[in-house]
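Presented below is the structure to which this report refers.
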Amino acid sequence: MNRIPVWFDTDIGVDDAIAFLVLNRQENLELKGISAVAGNVELEFTYPNARNICVLAGNEYPVYKGAEKPLFKSLQTAHVIHGEEGLGRAKLPVSHAAETDIPAWDAIYNAAVEAKGELQLIAVGPLTNIAIALNNHPKLSTLLKRILIMGGGAARGNVTPAAEFNIFADPHAAQIVFKSGIPIVMCGLDVTMDAFLTPEEVEELGSVDSDVCRFFRDSTGDILDFYERGHLSGLCLHDVCPVLYLTHPELFTGEEAGVFVETKGTVTMGKTVTDLWSDKKFEKKNAFVVLGVDREKFAEIVSEVLRSY
Ligand code: RIB
Ligand code: CA
Numbered sequence: 016m017n018r019i020p021v022w023f024d025t026d027i028g029v030d031d032a033i034a035f036l037v038l039n040r041q042e043n044l045e046l047k048g049i050s051a052v053a054g055n056v057e058l059e060f061t062y063p064n065a066r067n068i069c070v071l072a073g074n075e076y077p078v079y080k081g082a083e084k085p086l087f088k089s090l091q092t093a094h095v096i097h098g099e100e101g102l103g104r105a106k107l108p109v110s111h112a113a114e115t116d117i118p119a120w121d122a123i124y125n126a127a128v129e130a131k132g133e134l135q136l137i138a139v140g141p142l143t144n145i146a147i148a149l150n151n152h153p154k155l156s157t158l159l160k161r162i163l164i165m166g167g168g169a170a171r172g173n174v175t176p177a178a179e180f181n182i183f184a185d186p187h188a189a190q191i192v193f194k195s196g197i198p199i200v201m202c203g204l205d206v207t208m209d210a211f212l213t214p215e216e217v218e219e220l221g222s223v224d225s226d227v228c229r230f231f232r233d234s235t236g237d238i239l240d241f242y243e244r245g246h247l248s249g250l251c252l253h254d255v256c257p258v259l260y261l262t263h264p265e266l267f268t269g270e271e272a273g274v275f276v277e278t279k280g281t282v283t284m285g286k287t288v289t290d291l292w293s294d295k296k297f298e299k300k301n302a303f304v305v306l307g308v309d310r311e312k313f314a315e316i317v318s319e320v321l322r323s324y
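Rendered as structure tokens:
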């Protein structure tokens, strides 16, 4: 089987960790590396989280340290949702893998060169590392086959009514990515709010007698309470969407569109402005905006993969 070379860039928080555990078991993906960025929590936590989740998964991947703050904005974290160190109440085994001083943006470029244009980048946090990589290595825009992000929303926001967390955290970086010319799959809140596990599915998965399912239970408990207090349907697994879009595109629906990021507005700062439903269109359709998911099948696959550990 020709495996797809992929890179995972993450502000590894709870749904990021679950996305990684799902990615790690996809037979048709070959994970070339992981880069950590500040977002849900500070880099001092996202970097060790990325190293340590590999130990839980039973696979050592090269992990690189990225940006500790957005390009221009100050760092805004989401401790209230992801907990003090980003993984709720869960504790991970500690990695003793050798560390490297190669920064994330150089590692991403090196992997793209090595993959000879076939590398697909899954980015599930603020896009700061990707933007720096594109700024430092202009050729990268011709070497990345596709960027699949969790971020944005055509019609929804979660940090403000206009903006989703990953894009709001670093709108300038997001704009660089959307203007790069690299094909983009945008898994925004339009689809990720429907990509959830019900409380019953969460409880059932969390009761499985395995280290990974205990990690799932301990990392998701507080987040599920947060979502239920917000009268949401369950545990939204935002970051799993771009992973499963890559391996199971048939689960999803969406449309090509022009998408650009507001970087100056006060009310709309960080909004992914799409022309999906506008008479006036942007000049280019630069992204595939994912809008729908087969939730039952999505939940079934996530459960099956996490039980497989
Ligand atoms: O808005 C949801 C996104 O913000 C997810 O990537 C979650 O991990 C947080 O980073
Ligand atoms: Ca994330």
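Quick note, the numbering used here runs 15 ahead of the 1-based positions in the sequence shown. Glycine included, every Cβ here is placed at the ideal spot set by N, Cα and C.
Other residues of its chain near residue i: CB distance less than 6 Å, five sequence neighbours each side excluded
i	result
Gly28	Asn55, His97, Gly101
Tyr62	Ala51, Lys80
Gly168	Glu179, Gly203, Leu204, Asp205
Neighbourhood of residue i by C-beta distance below 8 Å, restricted to the same chain and skipping five residues each side
i	result
Arg379	Because residue 379 is not part of the residues shown, which for the chain are 16 to 324, the question remains open.
Ala148	Ala119, Trp120, Asp121, Ile123, Tyr124, Leu155
Phe241	Val95, Ile96
Ala255	Residue identity check: residue 255 is Val in the sequence provided, not Ala. Closer than 8 Å at the Cβ level, and outside the excluded window around Val255, lie Asp30, Ile33, Ala34, Val37, Ala210, Phe313, Val317.
Cys228	Leu220, Gly221, Ser222, Leu321, Arg322, Tyr324
Start-to-end residues for the alpha helix (DSSP H) that takes in residue i
i	result
Tyr62	58-72
Gly236	226-244
Glu265	Where Glu265 is concerned, there is no enclosing alpha helix (DSSP H), given that its DSSP letter is neither H nor E.
Leu44	Looking at the DSSP string, Leu44 is not in any alpha helix (DSSP H); the run it does join, the beta strand (DSSP E), is 44-51.
Ile27	Premise fails: Ile27 is in no alpha helix (DSSP H) and is neither H nor E.
Lys80	Element bounds for Lys80: not the alpha helix (DSSP H) but the beta strand (DSSP E), 78-80.
Thr157	155-158
Contacting residues, own chain, Cβ-Cβ under 7 Å from residue i (five flanking each side not counted)
i	result
Thr268	Leu306, Gly307
Asn67	Leu107, Pro108, Val109, Ser110
Ala314	Leu212, Glu216
Lys160	Gly132, Glu133, Leu134, Gln135
Ser323	Arg40
Ala65	Thr25, Ile27, Ile49, Ala51, Val78
Residue i - containing beta strand (DSSP E), residue span
i	result
Pro85	Neither: Pro85 is in no beta strand (DSSP E) and is coded neither H nor E.
Thr289	287-289
Leu306	302-308
Val276	274-276
> Is it a yes or a no for the segment 136-154 touching the segment 283-290, going by three-plus beta-carbon pairs under 8 Å?
Replying inline: no
>> Three or more C-beta pairs under 8 Å: does that hold for the segment 88-97 against the segment 126-140?
In response: no
>> Can you confirm whether the segment 188-199 touches the segment 300-307 when touching is taken to mean that 3 or more C-beta pairs between the two stretches lie within less than 8 Å?
In response: yes
> Are the segment 179-197 and the segment 212-226 touching by the rule of at least three beta carbon pairs closer than 8 Å?
Replying inline: no
> Can you give, in chain order, each stretch of the beta strand (DSSP E) that sits fully within the segment 91-143 and has at least 3 residues?
Replying inline: 134-138
>> Runs of 4 residues minimum, wholly inside the segment 165-231: which ones carry the alpha helix (DSSP H) assignment?
In response: 180-184, 186-193, 204-207, 214-221
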